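Novice: Handing you this structure, nothing more for now.
Number of protein chains: 2
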Amino acid sequence: MSGPCCAIDVHTHVVPAHLPDERPEFAGLPWPSIKHTEACHAQVIISGKNYRAITDACWDVLRRTADMPGMDVGMQVLSPMPELLSYWLPAGPASLLARHVNETIAEMVGAAPDRFHGLSMVPLQDMDAAQRELEHAVRQLGLKGVEIATNVNGVALGHPSLEPFFAAAEALGAAIFVHPLRPAGMDRLVGPANLEQVVAFPCETALAIASVITGGLMKRHPSLRIGFSHGGGAFGQVLPRMQHAWSAMAPIKAAMDEPRSIARKLFYDTLVYDETALRFLIDSYGISQLMVGSDYPFSIMDRKPARRAGNLGLSEPDLDSILFNNARRFLALT
Amino acid sequence: MSGPCCAIDVHTHVVPAHLPDERPEFAGLPWPSIKHTEACHAQVIISGKNYRAITDACWDVLRRTADMPGMDVGMQVLSPMPELLSYWLPAGPASLLARHVNETIAEMVGAAPDRFHGLSMVPLQDMDAAQRELEHAVRQLGLKGVEIATNVNGVALGHPSLEPFFAAAEALGAAIFVHPLRPAGMDRLVGPANLEQVVAFPCETALAIASVITGGLMKRHPSLRIGFSHGGGAFGQVLPRMQHAWSAMAPIKAAMDEPRSIARKLFYDTLVYDETALRFLIDSYGISQLMVGSDYPFSIMDRKPARRAGNLGLSEPDLDSILFNNARRFLALT
């Protein structure tokens with residue numbers, strides 16, 4: 001399997017080779033910058049500290065397209081490295097950063113439009129600015145939607161304060177890809193570094209999906225197409241408890257639509273590293289809601305993101321759904 | 001199915017009909033009390049507020065044994081209502097409360113020793129007091145172990161500060177049943193009340209299990225028998241990501257034993273309200289690690305806690321493992 005006929009990988013990240021220079025008025029803000037250390041390698045620097053070592057796979061179109069056949073991926077959906085979302089910056093600098101990242105992603109798509117689609121970032125800390133950037137990204141830059149975090153400075157996705165953004169995304173037909181960031185439960189981690197991503201991310205994503213359901217978002221905006229990374233994290237095991245509570249407890253039932261039916265309208269990538277876990281996603285959410293995701297090019301990535309779906313003994317139409325047809329629906333490709 | 005031959009329900013709660021009177025020196029503490037409102041009904045009052053309406057099923061042995069046949073349960077394991085664990089009280093009052101609750105549970109067991117086993121509570125906010133109460137509960141009162149929360153005032157189970165308790169539990173051969181309480185992620189909930197238990201509990205339990213693994217607890221105390229409520233919450237979907245990170249990232253691998261092999265040494269109840277979710281537990285943890293749990297007598301309880309295991313088409317030995325044999329191993333029954 002190789003070439004554009006194969007999997008659409010909806011979960012790949014971009015860091016631009018260069019970011020706008022820090023301006024004097026940004027002094028003291030956690031403004032990100034890229035320090036190129038040697039050929040093909042760089043450091044993302046935030047607040048004077050090394051945030052992450054990256055390679056040219058983060059920005060180089062040729063490097064990415066060269067890597068895709070070995071992953072059985074025909075097309076990548078490009079989204080920003082989540083830390084770049086920068087909801088903690090003031091709206092002005094955040095909009096500047098978003099515009100630059102979005103233009104970079106649009107240029108990458110333009111360089112190989114048969115191999116890439118792009119998702120934007122928007123400053124969700126400011127609803128007006130977020131709507132402005134989203135409209136620009138979709139209408140002017142041709143991006144297919146937007147990557148957002150599971151929370152905005154601690155506010156969960158389903159919170160009413162984010163309502164204007166979701167209304168705009170629905171009106172624009174923008175796909176929304178949700179990635180964990182600054183997760184809840186950090187004070188519960190014990191042991192080595194990196195547990196934020198390994199342990200806290202799946203729970204954070206579960207809390208975000210739950211808030212979408214309990215907050216009634218899909219009832220207000222039924223046309224939204226929202227996809228969750230890492231298979232929706234740990235939400236698959238929260239859902240049956242929500243479903244039971246909804247059936248058994250009148251105040252829960254009165255407050256929301258049936259959790260299971262809403263969960264089966266959301267999309268999820270298959271990045272769960274395990275066939276049993278992938279089968280559980282299919283059983284929980286339905287074959288029609290799953291899309292290949294790899295986390296390329298970061299160290300936790302799945303180097304064969306389509307392999308597990310291929311190993312499940314699915315029918316060809318079901319496998320094609322997971323490999324590319326669901327992603328086409330999520331991205332509204334024609 | 002009825003009678004002592006049938007399921008052992010490891011997840012049932014007790015509230016004593018009466019609690020020790022608040023003493024003058026407890027003024028200002030969240031000391032719990034029971035207000036009997038009408039026949040068979042009471043309110044648990046904490047800090048002057050109604051915490052929960054309860055019935056005589058919380059304390060009445062005859063009521064409980066009468067309810068068991070209809071649930072296909074032959075034996076209940078009694079543990080305190082989690083809020084009673086009271087880790088937020090000073091050690092002195094907390095020890096007084098623990099002693100009273102433990103004696104109440106021991107009396108209930110004594111009234112129908114073929115229908116009940118008991119788990120104690122201990123003041124985990126004070127390691128010396130916790131060890132003292134645990135030893136008393138196991139050696140003097142004959143309880144089979146202890147119910148603990150997923151965190152102690154925000155400190156996760158796997159944190160080294162709790163090491164003396166786990167060493168004592170291992171030395172005493174005490175079973176440890178873990179229940180979520182004061183969960184992480186409360187600021188992420190959007191919508192109706194009760195979401196603490198419905199949404200935040202499963203994620204909190206996942207974080208607790210992860211901390212047991214990442215903190216190396218089972219390596220230091222391989223004989224510990226630890227059981228997690230609600231099927232281990234959402235941990236089953238965190239585990240494959242931990243397993244992948246352990247395989248792929250050297251610092252994670254260096255810091256802990258293989259996550260999957262540790263997870264398969266822990267016990268989990270089957271309280272997941274869904275056959276697909278129960279099958280996922282079996283596939284994730286192994287048939288030998290699952291035990292029936294109902295959350296009796298609270299409103300979220302599963303009124304037929306053994307039914308789903310019976311519907312899975314398991315072999316008779318496998319079904320017997322889930323219905324009672326694993327619980328016997330967990331409780332070290334002879």
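Residue numbers (the numbering used here), protein chains in the order written: chain A, 1 to 334; chain B, 1 to 334. Don't be surprised by glycine CBs; every beta carbon is placed ideally from N, CA and C. All figures in this text were calculated on a predicted structure; none of them were measured in a lab.
1. Mind checking if V198 of chain B is an interface residue toward chain A, Cβ cutoff 8 Å exclusive?
2. My output table needs one value for D318 of chain A: the three-state DSSP class, helix, strand or coil.
3. Who pairs with R52 of chain A in a beta bridge, going by DSSP?
4. In terms of DSSP beta bridges, what is A156 of chain B paired with?
5. Run through the stretch 151-238 of chain A for me and flag every whole beta strand (DSSP E) of 3 or more residues, listed as ranges in chain order.
6. Roughly how many angstroms separate the alpha carbons of P93 of chain B and E133 of chain A, rounded to a whole number?
7. Within 8 Å of any Cβ in chain B, is that where the Cβ of A137 of chain A sits?
8. Would you kindly work out how many angstroms separate the C-alpha atoms of S47 of chain B and A27 of chain B, rounded to a whole number?
9. Name the residue from B:A137, B:R99, B:G110 whose alpha carbon lies nearest to the alpha carbon of D60 of chain B.
10. Check each residue of the stretch 246-264 of chain B: if its Cβ is closer than 8 Å to any Cβ of chain A, include it; give the result in chain order.
11. What span of residues does the alpha helix (DSSP H) with S86 of chain A cover, start to end?
12. Shorter than 8 Å from the beta carbon of M242 of chain A to some beta carbon of chain B?
13. Who are the Cβ neighbours of I77 of chain B in its own chain at under 8 Å, not counting the five residues just before and after it?
14. Does any C-beta atom of chain A lie closer than 8 Å to the C-beta of I300 of chain B?
15. Flag this pair as yes or no: are the beta carbons of V14 of chain B and I54 of chain B separated by less than 8 Å?
16. What would DSSP say about Y273 of chain A, mapped onto helix, strand or coil?
17. Output needed for H36 of chain B: all residues of its chain with C-beta closer than 7 Å, excluding positions within five of it in sequence on either side, in chain order.
18. Need the endpoints of the alpha helix (DSSP H) that S261 of chain A sits in, please.
19. Kindly give me the distance between the Cβ atoms of Y268 of chain B and Y285 of chain B, rounded to whole angstroms, as I take these residues to be in contact under 8 Å.
20. Should W31 of chain B be labelled buried (16 or more other beta-carbon atoms within 10 Å of its own) or exposed?
21. May I ask which residues mark the beginning and end of the beta strand (DSSP E) holding P90 of chain A?
22. Does DSSP put M75 of chain A in a helix, a strand or coil?
23. What do you get for C40 of chain B, buried or exposed, if any count of 16 or more other CB atoms within 10 angstroms of its CB means buried?
24. Return the bridge partner residues of V146 of chain B from the DSSP annotation.
25. Below 8 Å on C-beta distance, what does V272 of chain A contact in chain B?
26. Beta carbon of A149 of chain B, beta carbon of L224 of chain B: below 8 Å?
27. Are any of the Cβ atoms in chain B nearer than 8 Å to that of S211 of chain A?
28. Based on Cα-Cα distance, which residue from A:V292, A:S299, A:S294, A:R260 lies nearest to D283 of chain A?
29. Measure from the alpha carbon of N194 of chain B to the alpha carbon of each residue in B:M127, B:L84, B:H136, B:I300, then state which is nearest.
30. Just checking: is the beta-carbon of L207 of chain B within a distance shorter than 8 Å of some beta-carbon in chain A?
31. At least one CB of chain A closer than 8 Å to the CB of T55 of chain B: is that the case?
32. When burial is assigned at 16 or more other CB atoms within 10 Å of the CB, is A156 of chain B buried or exposed?
33. What did DSSP end up calling V10 of chain A once you bin it into helix, strand or coil?
34. Leaving out the 5 sequence neighbours to the left and right, which residues in its chain are closer than 6 Å to K253 of chain A when beta-carbon positions are compared?
35. Does any CB atom of chain B fall closer than 8 Å to the CB of A309 of chain A?
36. Can you say whether S79 of chain A is buried or exposed, counting buried as having 16 or more other CB atoms within 10 angstroms of its CB?
Specialist: The answer reads as follows:
1. Translated into the one-based positions of the second sequence, residue 198 of chain B becomes position 198. Contact of V198 of chain B with chain A is assigned, a C-beta pair being separated by under 8 Å.
2. To locate residue 318 of chain A, count along the first sequence from 1; it is residue 318. Assigned with DSSP and collapsed to three states, D318 of chain A falls in helix.
3. Here residue 52 of chain A refers to the residue found at position 52 of the first sequence. Answer is A:V44, bridged to R52 of chain A.
4. Residue numbering aside, residue 156 of chain B sits at position 156 when the second sequence is read from its first letter. Answer is B:N151.
5. Runs of the beta strand (DSSP E) spanning 3 or more residues and lying entirely within the stretch 151-238 of chain A occur at 175-179, 225-228, in chain order.
6. Start at 1 with the first residue of the second sequence, and residue 93 of chain B comes out as number 93. Start at 1 with the first residue of the first sequence, and residue 133 of chain A comes out as number 133. The straight-line gap separating the alpha-carbon atoms of P93 of chain B and E133 of chain A is approximately 57 Å.
7. Within the first sequence, residue 137 of chain A is the residue found at index 137, counting from 1. Not an interface residue.
8. Along the second sequence, one-based indexing puts residue 47 of chain B at 47. Along the second sequence, one-based indexing puts residue 27 of chain B at 27. Near 10 Å, if we compare the C-alpha coordinates of A27 of chain B and S47 of chain B.
9. Walking along the second sequence from the start, residue 60 of chain B turns up at place 60. Taking only the C-alpha atoms, the option nearest D60 of chain B is B:G110.
10. Taking 8 Å as the cut-off between beta carbons, the residues of the stretch 246-264 of chain B near chain A are A248, M249, P251, I252, A254, A255, M256, in sequence order.
11. As a position in the first sequence, residue 86 of chain A is number 86, starting the count at 1. No alpha helix (DSSP H) holds S86 of chain A; DSSP gives it neither H nor E.
12. In the first sequence, the residue the question calls residue 242 of chain A occupies position 242. The beta-carbon of M242 of chain A is placed less than 8 Å from the nearest beta-carbon of chain B.
13. Here the question's residue 77 of chain B lines up with position 77 in the second sequence. The displayed chain sequence assigns Val, not Ile, to residue 77 of chain B. Cβ neighbours of V77 of chain B beyond the five flanking positions: I8, D9, V10, H11, T12, F116, H117, G118, L119, K144, F177, A327, L331.
14. For the purposes of this step, residue 300 of chain B is identified with residue 300 of the second sequence, where counting begins at 1. At a cut-off of 8 Å between beta carbons, I300 of chain B contacts chain A.
15. Here the question's residue 14 of chain B lines up with position 14 in the second sequence. Here the question's residue 54 of chain B lines up with position 54 in the second sequence. Cβ atoms of V14 of chain B and I54 of chain B: not closer than 8 Å.
16. The sequence position of residue 273 of chain A within the first sequence is 273, counting from 1. Coil.
17. As a first step, residue 36 of chain B is located in the second sequence; it is residue number 36 there, counting from the start. In the same chain as H36 of chain B, and ignoring 5 residues on each side of it, the C-beta atoms closer than 7 Å to its own belong to A42, in chain order.
18. The residue given as residue 261 of chain A occupies position 261 in the first sequence. Under the DSSP assignment, S261 of chain A falls in the alpha helix (DSSP H) whose first and last residues are 259-263.
19. Numbered from its first residue, the second sequence carries residue 268 of chain B at position 268. Numbered from its first residue, the second sequence carries residue 285 of chain B at position 285. Cβ-Cβ separation between Y268 of chain B and Y285 of chain B: approximately 6 Å, consistent with a contact (criterion under 8 Å).
20. The residue you call residue 31 of chain B lines up with position 31 of the second sequence. The residue in question, W31 of chain B, is buried, as its Cβ has 16 or more Cβ neighbours within 10 Å.
21. Locating residue 90 of chain A in the first sequence gives position 90, where the first residue counts as 1. Element bounds for P90 of chain A: n/a, residue is neither H nor E.
22. On the first sequence, position 75 is the one that residue 75 of chain A refers to. M75 of chain A falls in the strand class under three-state DSSP.
23. Locating residue 40 of chain B in the second sequence gives position 40, where the first residue counts as 1. Per the 10 Å Cβ criterion, exposed.
24. Position 146 of the second sequence holds residue 146 of chain B. Within the DSSP bridge table, the entry for V146 of chain B names B:S120, B:I176 as partners.
25. Looking up residue 272 of chain A in the first sequence gives position 272. Neighbours of V272 of chain A on chain B, chain order: Q237, P240, R241.
26. Within the second sequence, residue 149 of chain B is the residue found at index 149, counting from 1. Within the second sequence, residue 224 of chain B is the residue found at index 224, counting from 1. Contact annotation: A149 of chain B and L224 of chain B have beta-carbon atoms that are not nearer than 8 Å.
27. The residue labelled residue 211 of chain A in the question sits at position 211 within the first sequence. With 8 Å as the cut-off, S211 of chain A counts as an interface residue toward chain B.
28. For this step, residue 283 of chain A is matched to residue 283 along the first sequence. Cα-wise, what sits closest to D283 of chain A is A:R260.
29. Looking up residue 194 of chain B in the second sequence gives position 194. Restricting attention to B:M127, B:L84, B:H136, B:I300, the CA atom closest to the CA of N194 of chain B is found in B:I300.
30. To locate residue 207 of chain B, count along the second sequence from 1; it is residue 207. At least one chain A Cβ lies under 8 Å of L207 of chain B.
31. Residue 55 of chain B sits at position 55 when you count from the first residue of the second sequence. Not closer than 8 Å to any Cβ of chain A, the Cβ of T55 of chain B fails to qualify, so no.
32. Within the second sequence, the letter at position 156 stands for residue 156 of chain B. By the 10 Å Cβ count, A156 of chain B comes out buried.
33. For the purposes of this step, residue 10 of chain A is taken as residue 10 along the first sequence, with counting starting at 1. Looking at V10 of chain A - three-state DSSP - the assignment turns out to be strand.
34. Within the first sequence, the letter at position 253 stands for residue 253 of chain A. Hits under 6 Å: W246.
35. Here the question's residue 309 of chain A lines up with position 309 in the first sequence. It does not: the Cβ of A309 of chain A has no partner Cβ on chain B nearer than 8 Å.
36. Your numbering for residue 79 of chain A matches position 79 in the first sequence. So S79 of chain A ends up on the buried side.
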